[in-house]
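Chains as they are written, first to last, in the working numbering: chain G, 383 to 634; chain B, 383 to 634; chain E, 456 to 770; chain S, 456 to 770.
Cβ atoms here follow ideal geometry from the backbone N, Cα and C, with glycine treated the same way.
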Amino acid sequence: MAEDQTLFTYLLRLADDHLILSQRLGELCGYGPTLEEDLALTNISLDLMGQARALYAYAGEVEGKGRNEDQLAFLRYERDYLNALITELPNGDFAQTIVRQFFVAAFMVPFWREMERSSDETLRAIAAKASKEVAYHLRHTSEWVIRLGDGTDESHARMEEALDALVMYTGELFETDEVTEAALRAGYAVDPKSLAHEWQQTVDSVLREATLTLPESGHMQTGGRNGLHTEHLGHVLSELQYMQRTYPGLNW
Amino acid sequence: MAEDQTLFTYLLRLADDHLILSQRLGELCGYGPTLEEDLALTNISLDLMGQARALYAYAGEVEGKGRNEDQLAFLRYERDYLNALITELPNGDFAQTIVRQFFVAAFMVPFWREMERSSDETLRAIAAKASKEVAYHLRHTSEWVIRLGDGTDESHARMEEALDALVMYTGELFETDEVTEAALRAGYAVDPKSLAHEWQQTVDSVLREATLTLPESGHMQTGGRNGLHTEHLGHVLSELQYMQRTYPGLNW
Amino acid sequence: EAFLAAFQERIDAEQKIEPNDPMPEGYRKTLIRQISQHAHSEIIGMQPEGNWITRAPSLRRKAALLAKIQDEGGHGLYLYSAAETLGVSREEMTEQLLSGAAKYSSIFNYPALTWADIGAIGWLVDGAAIMNQIALCRCSYGPYARAMIRICKEESFHQRQGYEILITLCNGSDEQKEMAQDALNRFWWPSLMMFGPSEGESVHSQQSMLWKIKRFSNDDLRDKFINATVPQAEFLGLKVPDPELKWDEKKQGYDHGDIDWDEFWRVVKGDGPCNRERMRTRRKVEREGAWVREAALAYAEKRAAREAAARVAAE
Amino acid sequence: EAFLAAFQERIDAEQKIEPNDPMPEGYRKTLIRQISQHAHSEIIGMQPEGNWITRAPSLRRKAALLAKIQDEGGHGLYLYSAAETLGVSREEMTEQLLSGAAKYSSIFNYPALTWADIGAIGWLVDGAAIMNQIALCRCSYGPYARAMIRICKEESFHQRQGYEILITLCNGSDEQKEMAQDALNRFWWPSLMMFGPSEGESVHSQQSMLWKIKRFSNDDLRDKFINATVPQAEFLGLKVPDPELKWDEKKQGYDHGDIDWDEFWRVVKGDGPCNRERMRTRRKVEREGAWVREAALAYAEKRAAREAAARVAAE
Numbered sequence: 383m384a385e386d387q388t389l390f391t392y393l394l395r396l397a398d399d400h401l402i403l404s405q406r407l408g409e410l411c412g413y414g415p416t417l418e419e420d421l422a423l424t425n426i427s428l429d430l431m432g433q434a435r436a437l438y439a440y441a442g443e444v445e446g447k448g449r450n451e452d453q454l455a456f457l458r459y460e461r462d463y464l465n466a467l468i469t470e471l472p473n474g475d476f477a478q479t480i481v482r483q484f485f486v487a488a489f490m491v492p493f494w495r496e497m498e499r500s501s502d503e504t505l506r507a508i509a510a511k512a513s514k515e516v517a518y519h520l521r522h523t524s525e526w527v528i529r530l531g532d533g534t535d536e537s538h539a540r541m542e543e544a545l546d547a548l549v550m551y552t553g554e555l556f557e558t559d560e561v562t563e564a565a566l567r568a569g570y571a572v573d574p575k576s577l578a579h580e581w582q583q584t585v586d587s588v589l590r591e592a593t594l595t596l597p598e599s600g601h602m603q604t605g606g607r608n609g610l611h612t613e614h615l616g617h618v619l620s621e622l623q624y625m626q627r628t629y630p631g632l633n634w
Numbered sequence: 383m384a385e386d387q388t389l390f391t392y393l394l395r396l397a398d399d400h401l402i403l404s405q406r407l408g409e410l411c412g413y414g415p416t417l418e419e420d421l422a423l424t425n426i427s428l429d430l431m432g433q434a435r436a437l438y439a440y441a442g443e444v445e446g447k448g449r450n451e452d453q454l455a456f457l458r459y460e461r462d463y464l465n466a467l468i469t470e471l472p473n474g475d476f477a478q479t480i481v482r483q484f485f486v487a488a489f490m491v492p493f494w495r496e497m498e499r500s501s502d503e504t505l506r507a508i509a510a511k512a513s514k515e516v517a518y519h520l521r522h523t524s525e526w527v528i529r530l531g532d533g534t535d536e537s538h539a540r541m542e543e544a545l546d547a548l549v550m551y552t553g554e555l556f557e558t559d560e561v562t563e564a565a566l567r568a569g570y571a572v573d574p575k576s577l578a579h580e581w582q583q584t585v586d587s588v589l590r591e592a593t594l595t596l597p598e599s600g601h602m603q604t605g606g607r608n609g610l611h612t613e614h615l616g617h618v619l620s621e622l623q624y625m626q627r628t629y630p631g632l633n634w
Numbered sequence: 456e457a458f459l460a461a462f463q464e465r466i467d468a469e470q471k472i473e474p475n476d477p478m479p480e481g482y483r484k485t486l487i488r489q490i491s492q493h494a495h496s497e498i499i500g501m502q503p504e505g506n507w508i509t510r511a512p513s514l515r516r517k518a519a520l521l522a523k524i525q526d527e528g529g530h531g532l533y534l535y536s537a538a539e540t541l542g543v544s545r546e547e548m549t550e551q552l553l554s555g556a557a558k559y560s561s562i563f564n565y566p567a568l569t570w571a572d573i574g575a576i577g578w579l580v581d582g583a584a585i586m587n588q589i590a591l592c593r594c595s596y597g598p599y600a601r602a603m604i605r606i607c608k609e610e611s612f613h614q615r616q617g618y619e620i621l622i623t624l625c626n627g628s629d630e631q632k633e634m635a636q637d638a639l640n641r642f643w644w645p646s647l648m649m650f651g652p653s654e655g656e657s658v659h660s661q662q663s664m665l666w667k668i669k670r671f672s673n674d675d676l677r678d679k680f681i682n683a684t685v686p687q688a689e690f691l692g693l694k695v696p697d698p699e700l701k702w703d704e705k706k707q708g709y710d711h712g713d714i715d716w717d718e719f720w721r722v723v724k725g726d727g728p729c730n731r732e733r734m735r736t737r738r739k740v741e742r743e744g745a746w747v748r749e750a751a752l753a754y755a756e757k758r759a760a761r762e763a764a765a766r767v768a769a770e
Numbered sequence: 456e457a458f459l460a461a462f463q464e465r466i467d468a469e470q471k472i473e474p475n476d477p478m479p480e481g482y483r484k485t486l487i488r489q490i491s492q493h494a495h496s497e498i499i500g501m502q503p504e505g506n507w508i509t510r511a512p513s514l515r516r517k518a519a520l521l522a523k524i525q526d527e528g529g530h531g532l533y534l535y536s537a538a539e540t541l542g543v544s545r546e547e548m549t550e551q552l553l554s555g556a557a558k559y560s561s562i563f564n565y566p567a568l569t570w571a572d573i574g575a576i577g578w579l580v581d582g583a584a585i586m587n588q589i590a591l592c593r594c595s596y597g598p599y600a601r602a603m604i605r606i607c608k609e610e611s612f613h614q615r616q617g618y619e620i621l622i623t624l625c626n627g628s629d630e631q632k633e634m635a636q637d638a639l640n641r642f643w644w645p646s647l648m649m650f651g652p653s654e655g656e657s658v659h660s661q662q663s664m665l666w667k668i669k670r671f672s673n674d675d676l677r678d679k680f681i682n683a684t685v686p687q688a689e690f691l692g693l694k695v696p697d698p699e700l701k702w703d704e705k706k707q708g709y710d711h712g713d714i715d716w717d718e719f720w721r722v723v724k725g726d727g728p729c730n731r732e733r734m735r736t737r738r739k740v741e742r743e744g745a746w747v748r749e750a751a752l753a754y755a756e757k758r759a760a761r762e763a764a765a766r767v768a769a770e
């Protein structure tokens, strides 16, 4: 794989993670369990969207074929989206929404912190902004994990169910393959495996305070990085792409 | 409006009714409350799809621009779909699915029967087939209306809620406008107003047996015949059109 | 009576009334009704626009729409807080909304059917709201007036954004122009209705004027809106769907056709295209969020108890 | 012992065993397990294909897909009925499915990601199923054998339909061909796994053979499937994703590469891509349908009571 192609794929994976998770949170806008939380989730959705846009814009530049953020975000086939599976899972109940976001934020905090030392200037700049944002995402979702875990019997049970349903999608975040490895050799990437320990510590300590425990993970699901998704993604895309597909080539 | 254009619009409205309602029922395939009912609803969905296809094919012929059933069914904009609003409403719980289908079938039974006397041969042929099918739809849904209305307290309450939510979408079925009137003058159409009495009798007698009553209807919602829909239709279309929009101009 | 006269004197002197000031019960009630209705409108108003978040046609527009809806939620929050200063709780207000006892702006009972509607809602609906709100920035009740100042700033931003969506459409393809015209056709009259019917000699309205809760009549505000908006429509190259609309040189303003007040009252009374849907959605959200709110409360109580116990142990 | 010998004699004479015939407990249990597992597979198998109903790319394909899934539900019904003749109720079988005690074919734990997957499921999954089912048409248990005859007919129709979807794609655009190849890549190995691992000297399997519940070994059926399918792939111009696949002139059949039985066991044990999703969906359907089933039961009871009362009154 040529170096540019590696960087392009690396950026696209990261951009897709942010876009798809932002889209999922966007579905909830107006439907939060409290007005305050509605605003908070929308805030996170907006942060993720901002990160996605910066990453797509840069990916388009690297690719050098003149594709802009919208062409990259909206005009690919389902099998060409490279997001981690956890980002495309349905919102479920509020416990699932929170656990999904908590798992991702606990990964993104060290990820963006390490990315601030990337050899790539643009990635460093994106990381500097994202680091601050994602620190808030982690804080906010941790508080909810604790509240719900140590709240009522019902909220505790729902959190257990959410952890149980989602833990098998966390392994993928730490995977490497030839793209990541080439990116690491080039010096601009973060080694996800090196973040596993911190992720585990973050998760364990928050769950402990929440009187919850992380279920045995067993086999981890994977595939997103190669475009092998769950059956959910296609439905997400049918809405996401609706306007761009229906009215090709227009400005909005 | 030229005569052909009137017939085209008349057919399109009818075809869209059938397509959209079939699509809604299709969402339930595999998710029925019992296996037998799953098959029955899929059956109805299939009947409606068959009717839609015959109507689109004929509409394409009448239009004379070479559009086939798929181009008519998949490749129009949201504001160009002409189905009655009741056909696009979400499935809701099983009570709502049944009431929606019951209301429509109670209309379609006399509609197709009268259409068997249309001056238009193709419409007569479509009507002959549809009449038999829709008689089953009405019988089947009537039985459920009775069972659920006269079942448990919960099912009775759910039926009341469904009737209350849906009755305001029934008036549209009986509306006429310049298209219907021109079609009536041309001799191939059925006057929906002339079916209102029979519809009311059918509904009243089934509801009576179900220990239910039709709520006061008050203001009736309208708009579908002119492409003014509920917010639901756009989401239905984003799935319906997904493949045709994503891969334009291919055979499948 | 002396109290009422003194109160009126303060109002006439353009002094702001603050939460702890004495105030007539009617003044308090009028404000609670108006502010909570305004807050509810912000909350219900999130639904038609929310309908387009997942389908927004570009990332930039999607982000702007998310931010806009978030602002509306924020406005709801300020306004609920402003109402709370008058001695009503958010729970009570929510209960009134869900039971149908409290109203919200009828415009949100119209559906957002196409992307152009998102433009039209920003341009016309927020535009009409601003006309009302600018006047309210000088409302006699301090917390409301201050909330309005902040809200107005954001609303004008939204209005410009909505107008900009339509500019883009009107500079676009034929389908896009048609989509824009269609949105204007559907939202024009309901936007005019947002100002409410002519008040005539309504006692209610006169009292509001006297108390400086309201500073302009519905008709005056509507005329101001029309005068500001028609040239914007012309700039877009769109046709306002009112054949009787024409410029009156003498009054330096537009005359307009009759508004269908039957439609207005029908929608107010619950028979608009989306009234039931909006309330059903809101009730569903409340119902599904109940366990979360209970859990948060239970946790807060546990925590407070633990802290109290820790304090006792430390003593 | 005499009974067992007599039973075996009947089997060996190719007589069909019918519901009221005496049969060994092991025979009954094996059949119940196998038939109910088969029925569950039909029911769970509706899910991956159901995922494409709303998005099928043409009306003709949408109708065919609806009809196909409906057939699968119908097969589920016959099979549950066949199992019921052995003295197990549908409720018990459903309970076993939902609790995870009963299995279903692991192939349905793979997702249907593209439209080509609908073709591949018809061609490969139904194709593999038919290999098994044709053999079962001669199963010693009458009701099962007869259900299989009917099912086989419909399944071959489905298989041809699936293949025809792929013919269309392979005659289509580059994207369509790629989509077809991708589907074959993903469904090839899981389809081979559908026949189960080599039985070796499995006692269980030998007993089934002896009882003529099973008539061919897993490996034999798999080889038959491969021999039938590889030329079809070649006709489509698709490449079977097995670099070790080659024609063996001597045995007049294909040799194939090693099957990843670790993956097979992992998916059987619950860690496939969709196991949890499938069960969650099924449980949700059961839960949400509960009130309907209760109402139907309550109504049937009321009606029976009324009729009984009417009879009494008439006497």
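Taking C-beta atoms as the reference points, residue 533 of chain S and residue 548 of chain S fail to come closer than 8 Å.
When the five nearest sequence neighbours on each side are left out, the beta carbons in the same chain lying within less than 7 Å of the beta carbon of residue 716 of chain E are those of 652, in order along the chain. In the displayed model, residue 715 of chain S falls within coil according to three-state DSSP, outside both helix and strand. Residues of the region 572–602 of chain G with a Cβ closer than 8 Å to any Cβ of chain S, in chain order: 600 and 601.
For residue 472 of chain S, the three-state secondary structure derived from DSSP is strand.
Annotation for residue 523 of chain E: the continuous alpha helix (DSSP H) segment containing it runs 514–539.
As DSSP reads the structure, residue 570 of chain B sits in no beta bridge. Closest by C-alpha distance to residue 663 of chain S, out of S/485, S/511 and S/478, is S/485. Note that the C-beta distance between residue 507 of chain S and residue 567 of chain S is below 8 Å. If the five residues before and after residue 638 of chain E are omitted, its C-beta is found closer than 6 Å to the C-beta atoms of 571, 572 and 575, all from its own chain and listed in chain order. In the pairwise beta carbon analysis, the region 471–478 of chain E is classified as not touching the region 581–590 of chain G: fewer than three pairs are separated by under 8 Å. Of all residues in the region 499–530 of chain G, none has a C-beta nearer than 9 Å to a C-beta of chain B.
A distance of 8 Å or more separates the beta carbons of residue 463 of chain B and residue 620 of chain G. Under the three-state reduction of DSSP, residue 705 of chain E is assigned to coil, being neither helix nor strand. The straight-line gap separating the alpha-carbon atoms of residue 587 of chain E and residue 516 of chain E is approximately 27 Å. Interface residue (Cβ-Cβ distance to chain B less than 8 Å): residue 713 of chain E is not classified as such. Contact of residue 566 of chain S with chain G is assigned, a C-beta pair being separated by under 8 Å.
Contact between the region 510–530 of chain G and the region 554–564 of chain G is absent: fewer than three C-beta pairs spanning the two stretches fall below 8 Å. Going by beta carbons, residue 491 of chain G and residue 469 of chain G fall outside the 8 Å limit.
Sequence-ordered contacts of the region 413–435 of chain B with chain S read 413, 414, 415, 416, 417, 418, 419, 420, 421, 424, 425, 427, 428, 431, 432, 434 and 435 [C-beta pairs closer than 9 Å].
Counting every other CB atom within 10 Å of its CB across the protein chains shown gives residue 569 of chain G a total below 16, marking it as exposed. Residue range 658–665 is occupied by the alpha helix (DSSP H) that includes residue 663 of chain S.
Under the 10 Å beta carbon count, residue 494 of chain E is surrounded by 16 or more other beta carbons and is classified as buried. By the neighbour-count criterion, in which a residue is buried when 16 or more other Cβ atoms sit within 10 angstroms of its Cβ, residue 476 of chain B is buried.
Cβ-Cβ distances below 7 Å link residue 563 of chain S to 496, 499, 500, 502, 503 and 733 in the same chain, with the five nearest sequence neighbours on each side left out; the list follows chain order. For residue 460 of chain G, not one C-beta of chain E is nearer than 8 Å to its own C-beta.
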